[in-house]
Amino acid sequence: MSAETQIVVLHYPAERGRNWDLLRAAARDRDLRLVSWAPHLLGLWCADGEQYACYAGKRARPEIVIHRTVAPFRGIAIPVLNCLAAGGSLVLNPPDAAFRSRDKLLTTLDLARAGIPVVPTVAFDEPAGENLAALGPGSLVVKPARGVRGEGIRAFGSAGALVSAWQLRGARPGAPGYHAEREHYLAQPLIGGGGQDIRAYVVAGNCVAL
């Protein structure tokens, strides 16, 4: 890449600002110029025989695009990024795969299909005792499928305690029933709870990320 190379970053700089600082430092070391695009200013033009991406109301086709922290905008971000890729832009990380990896349920399904051992998991919108019984009689941990940084994770002493808490104490915000989009959850056996949670990715016996 030359010193003139420009990379569009689809994000909000204040979101996980420390990560953005590290990315900018890496770009400076490589003589790259980063340009921020706000996700809510994305657009897409579509007519017979013609489709193109827009930013802030103007047609745009950047050479290289990095997308980060744009999950709430996936309805517009994925079509726009796919359109840019089809038009010749280099979109780092396929957007469909990136958004699947953000969802703990979809990630678990992909791992299981690949033959990788996974923790026994029950996914649900509203919990019921029968579909949780297979996890055993012990304590459970419940995670928002699209949660980040441990937010919204709760532990329950049993499946019955989980169901009761959901019904009586409003464990989830909002009323039951239809919503345009609402969070779904995963329940898994709680093993050795009560201490610090460490998430480690192990490949071929080696810890590759924490």
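Be aware that the sequence shown starts at 521, since it is given in this note's numbering, and climbs by one per residue.
Ideal Cβ positions, reconstructed from N, Cα and C, are used throughout, including at glycine.
Nothing here was measured: the structure is a model prediction, and the numbers come from that model.
With fewer than 16 other CB atoms across the displayed protein chains lying within 10 angstroms of its CB, residue 727 is exposed. In the three-state scheme derived from DSSP, where H, G and I count as helix and E and B as strand, residue 527 is classed as strand. Counting every other CB atom within 10 Å of its CB across the protein chains shown gives residue 542 a total below 16, marking it as exposed. Taking C-alpha positions only, residue 539 is separated from residue 568 by approximately 41 Å. Going by C-alpha positions, residue 590 is about 34 Å away from residue 659.
Taken in chain order, the whole alpha helix (DSSP H) runs of length 4 or more contained in the segment 622-659 are 624-633 and 649-652. Within its own chain, the residues whose Cβ lies closer than 7 Å to the Cβ of residue 666, once the five positions on either side in sequence are excluded, are 591, 622, 623 and 703, listed in chain order. In this model, residue 679 and residue 650 are separated by some 9 Å (Cα to Cα). For residue 581, there is no enclosing beta strand (DSSP E), as DSSP gives it neither H nor E. Short of 7 Å from the beta carbon of residue 677, and not among the five residues preceding or following it, lie these beta carbons of its own chain, in chain order: 659.
Residue 582 and residue 576 have their C-alpha atoms roughly 14 Å apart. Judged by their CB atoms, residue 527 and residue 552 are nearer to each other than the 7 Å cut-off. The Cβ atoms of residue 652 and residue 642 sit closer than 7 Å to each other. Residues of the same chain with a CB within less than 7 Å of the CB of residue 605, apart from the 5 flanking positions on each side, are 611 in chain order. For residue 674, the enclosing beta strand (DSSP E) stretches over residues 674-676. Distance from residue 683 to residue 648 at the Cβ level is roughly 7 Å; contact confirmed, criterion being Cβ atoms closer than 8 Å.
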